[in-house]
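Encoded as structure tokens, the structure appears first; notes follow it.
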Amino acid sequence: MAEGLRVSVVHAPSARAVFERALDMPAGATVADALQASGVLALLEPPVPVAAVDVGIWGHSAALTQVLQDGDRVEVYRPLTVDPKVARRQRFQRQGARTAGLFARKRPGAKAGY
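Written out as structure tokens, the structure reads:
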């Protein structure tokens, strides 16, 4: 049985900027331990306490107390700047109903929606 874990901590502070650090952690380490060891908390703007950070492992939400397994990828999520539903609605209004969704590539003479 391995004595330690190999995990990575990833955070994207802004578009096209990625912070990634590979860590060797002792067996039984938690998500909070990995965040502290990686130094990612110093990059967060504005500074956020550990308890308020949204994290996940391989895209699935995780608690700070969750015990890590070998090969886990801890992801630190930033808050959304725009509600996805609002962004989709605005994009649809800009494009217009005829150029989006099912009607984007309508064949000549085809029925509506085909």
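Each number in the numbering used here comes from the position in the sequence shown (counting from 1) with 337 added on.
Cβ atoms here follow ideal geometry from the backbone N, Cα and C, with glycine treated the same way.
Fair warning: this is a prediction, and the values are worked out from it, not measured in the lab.
The Cβ neighbour count for Glu382, taken over all protein chains shown within 10 Å, is under 16; the residue is labelled exposed. Non-local beta-carbon contacts of Ala369 in its own chain, meaning distances under 8 angstroms to residues more than five positions away in sequence, involve Val387, Leu401 and Thr402 in chain order.
The shortest CA-to-CA distance from Gly376 to any of Gly365, Val413 and Pro363 is the one to Val413. Counted as a single uninterrupted DSSP element, the stretch harbouring Leu417 is not any beta strand (DSSP E), since DSSP gives it neither H nor E.
One thing to note: Ser351 has its Cβ no nearer than 7 angstroms to the Cβ of Arg410. Distances from the CA of Leu405 to each of Val390, Val419 and Gly365 were compared; the closest alpha carbon is that of Gly365. Annotation: the continuous beta strand (DSSP E) that includes Arg358 extends over Ala354 to Pro363. Pro421 has its alpha-carbon roughly 36 angstroms from the corresponding atom of Met362. Distance from the CA of Gln427 to the CA of Ala359, rounded to the nearest whole angstrom, comes to 39 angstroms.
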